[in-house]
Every structure is written in C-alpha cells, then in structure tokens.
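First comes the structure, then the notes that go with it.
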Amino acid sequence: MKSARIALVTGANQGIGFALVEGMASRMGPDDVVLLTGRNAQRVADAAALVAKAPGTRSRVEGRVLDVTDAGAVAAMAAELHERHGGVDIVVSNASALLTPDRPQSEQADEFIDVANGGTHAMLRSFGPVLRPGGRLVVMASSLGRLGHLDPRLRPLFDGASLDEVEKAVESWRAAVHAGTAGERGWPHWLNVPSKVAQIAAVRAVAARRRKNDVPEGTLIAAICPGLVDTPLSRPWFTDFSQARTPAQAARVVLDLLLSERIDPALYGELVRFGSVVPWHDGTPPQEPDRLLAP
1 MKSARIALVT
11 GANQGIGFAL
21 VEGMASRMGP
31 DDVVLLTGRN
41 AQRVADAAAL
51 VAKAPGTRSR
61 VEGRVLDVTD
71 AGAVAAMAAE
81 LHERHGGVDI
91 VVSNASALLT
101 PDRPQSEQAD
111 EFIDVANGGT
121 HAMLRSFGPV
131 LRPGGRLVVM
141 ASSLGRLGHL
151 DPRLRPLFDG
161 ASLDEVEKAV
171 ESWRAAVHAG
181 TAGERGWPHW
191 LNVPSKVAQI
201 AAVRAVAARR
211 RKNDVPEGTL
221 IAAICPGLVD
231 TPLSRPWFTD
241 FSQARTPAQA
251 ARVVLDLLLS
261 ERIDPALYGE
271 LVRFGSVVPW
281 HDGTPPQEPD
291 RLLAP
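One point on numbering: in the UniProt record's numbering, the residue at position 90 of the sequence shown is 90, and numbering is uninterrupted.
As structure tokens, this is what we get:
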C-alpha cells in the first residue's frame, strides 16, 4: 500500500501559493496531507478553512504558521514532519515580501531579501534532507533570475557557486545596497533581479550536490517560473497585464509538474517555465526602466 503523501507550500495565504494548495487538495488523495503555511496565524487559519470546505477538496488540509525568515523554525518543522511522517513529498518555497516602486529600494531591502533569499536558503537546507525519494522540492522564481540579467562583473559570484557562496554574495549585495554603492558595483536597481538570480543559483547549488542520487530516484529539485501572474506583488511593476495569468491558471501548469509520476531528468536543477528549461546563462543586463521587464 502506498503511503500518504505530505505536501507543504510556503506563502500560501494568497496568490499562487493559495492556488497551489487548492490544486493539490483537489488532485491528491484522501489520505494525503497538504500543509498551507504563512506568517500570520489568522490568515493561515482562514485560508486553510476555505480550502478545506471547498467542494472539490479531497485531501486533508492543515494550516501551519511558518516564518521562513526564522531558519530555526523552518528546521524545526522539517524535523517534525520527518519524525511524524518519515519525510515530505512535495515542498514549494513560494514566500515573498511586497516590494513597491514608491519607496526607496534600500528601505525595503532587508525584509525582501530575508524572505525571498533567506527563506529560500532555509527551505533548501532543512527540507532537502527530509525529501523522500521521488519527491519534489521547487522554488518559485522568475526568468528575471537568469544569470545574463546581471552585469558581467557579478556573474562569477553565482555561476557554479555553492549554497554558502550564494549566501555570501547575497550579503555582499545587501551591504552594497545599504552603503549606496550597489549601482557602481553593477547591481541592478530593482531588488527583484539579483534576488531571483540568487534564488536560482541556490537551487542549482543544492541540485549539483544531490543530482547523482536524486535523478535515478525520480526526485526533482528545480526553480519554477510561472510567467506573469496577476497578483498584488506584480501589479506595481508591470504595465501590461493583457497576457497575465490568474493565480489559478498559473498554478495548473506547476501542479502538472509537481504531481506527474515521471520527471524529465533534463529539468533537474534548472529553471523551468511551462514545462521547458529556461537557459541559465541567457538574458541581458536590464535597461531603463526596470519595471517594464517581463518575468
């Protein structure tokens, strides 16, 4: 008898994270458990109750408070799930902080980097070891994170880097933002670009170390680009939403990958968009204005 699957999504109170939980709960089995996580206890409880009561829900849905900026809390939850269930089968690192163009980027840098990058690092470090064979661990990212979007001076910081080296590069970038020297060092003004590059580099670092064992077992470690999704996070930065997807539409493509029985080995460790690999080295440094870039 096949054991129940355990799935976890961070930043799942709203947007694509919520849509992913909805989709998992309707497409996974009655013995499976989907954990909807976020920082705000009330919002987590309300969102989990909404999914649990939805007509198409089949799986058990649990709301759990998880602040991904607290590496200790992330590690504790991973350890708990390993002890209770023997590991996890699907992990989606989706949490992000709101970034707006109406405030100086330096004022928003710490929270944004702590959630998007610190959270990604914590999830990879803690949930990678408890991912069961054949499982899926993905980071929601963007094609804005292609290495080519960085100034050539900065690309060696992330290309072929270990996770420790990625973390060091992120802290160097953060320090430059606060010191007012980021621009002269080649860092893009828009925090989202280097943040996404670092997220994908972190995924690639972990995948490079695990590939030999993971690929034969059908396990997937990858970054996912869902395309332009109409959410409060994207609204301030893009002017044309005519081709944007709703969170539910974007989630369906991601769910097809997460719930597929077999994974194309070519996707392992890569940035995946609509089922295809987005080349890591593509892209060009952004020109003005940053906000017109498409994900």
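All residues carry an ideal CB built from backbone N, CA and C; glycine is no exception.
Collapsed DSSP secondary structure at residue i in the structure displayed
i: V68; result: coil
i: P289; result: Confidence at P289 is low in this model, with a pLDDT of 44, below 50, so its placement is unreliable and the value that follows should be read with caution. If DSSP states are grouped into helix, strand and coil, P289 belongs with coil.
i: M1; result: Legend: pLDDT at M1 = 43, less than 50; position of this residue unreliable, value from coordinates given subsequently. Three-state result, M1: coil.
i: E270; result: coil
i: S276; result: strand
i: E107; result: helix
i: R245; result: strand
i: L191; result: coil
i: A294; result: The pLDDT assigned to A294 is 45, lower than 50, so where the model puts this residue is not dependable; a value taken from the coordinates is nonetheless given after this. Note: A294 maps to coil in three-state DSSP.
i: L137; result: strand
i: G23; result: helix
i: L131; result: strand
i: R252; result: helix
i: E217; result: helix
i: residue 309; result: Here the chain has residues from 1 to 295 only, and residue 309 is not among them.
Terminal residues of the beta strand (DSSP E) in which residue i lies
i: S142; result: Run containing S142: none; DSSP gives neither H nor E here.
i: I221; result: 220-225
i: D89; result: 88-93
i: A7; result: 6-9
Residue span of the alpha helix (DSSP H) that contains residue i, given as start and end
i: T120; result: 119-127
i: L35; result: Element bounds for L35: not the alpha helix (DSSP H) but the beta strand (DSSP E), 33-38.
i: F238; result: Segment: none, F238 is in no alpha helix (DSSP H) and carries neither H nor E.
i: D46; result: 41-53
i: S162; result: Per DSSP, S162 belongs to no alpha helix (DSSP H) and is neither H nor E.
8 Å Cβ shell around residue i - same chain, five flanking residues per side excluded
i: V177; result: Q105, S106, A109, W187, L191
i: D230; result: F241, A244, R245, T246, P247
Neighbourhood of residue i by C-beta distance below 6 Å, restricted to the same chain and skipping five residues each side
i: G17; result: V9, G11, N94
i: E288; result: Here the model assigns E288 a pLDDT of 48, short of 50, so the residue's position is not dependable, and the following value carries that caveat. Closer than 6 Å at the Cβ level, and outside the excluded window around E288, lies no residue.
i: G56; result: S26
i: W280; result: L147
i: I90; result: A7, R136, L258
i: D32; result: A4, R5, S59
i: R43; result: N13
Beta carbon of residue i nearer than 8 Å to that of residue j
i: A198; j: A222; result: no
i: A141; j: C225; result: yes
i: T69; j: G118; result: yes
i: R58; j: G29; result: yes
i: L20; j: A251; result: yes
i: P232; j: L98; result: yes
i: L220; j: M24; result: no
i: I113; j: R39; result: no
i: G134; j: G218; result: yes
i: P236; j: T100; result: yes
i: residue 298; j: L124; result: The shown model of the chain, from 1 to 295, leaves out residue 298, and the question about it has no answer.
i: V130; j: L81; result: yes
i: D151; j: P265; result: no
i: S126; j: A161; result: no
i: V166; j: V138; result: no
Cut-off 7 Å between Cβ atoms - residues of its own chain near residue i, not counting five sequence neighbours on either side
i: L157; result: A169
Within-8 Å CB hit, residue i to chain C
i: D282; result: The structure shown has no chain C; it contains just one protein chain.
beta-carbon residue i near the ligand COA non-hydrogen atom, thresh 7 Å
i: P133; result: Among the components of this structure there are no ligands whatsoever, and the ligand COA is therefore not found.
Would you call the region 266-276 in contact with the region 45-61, where contact means no fewer than 3 C-beta pairs closer than 8 Å? The region 266-276 vs the region 45-61: no contact.
Count the C-beta pairs between the region 204-211 and the region 141-151 that are closer than 8 Å, then say yes if the count reaches three, no if not. Not touching, per the Cβ criterion.
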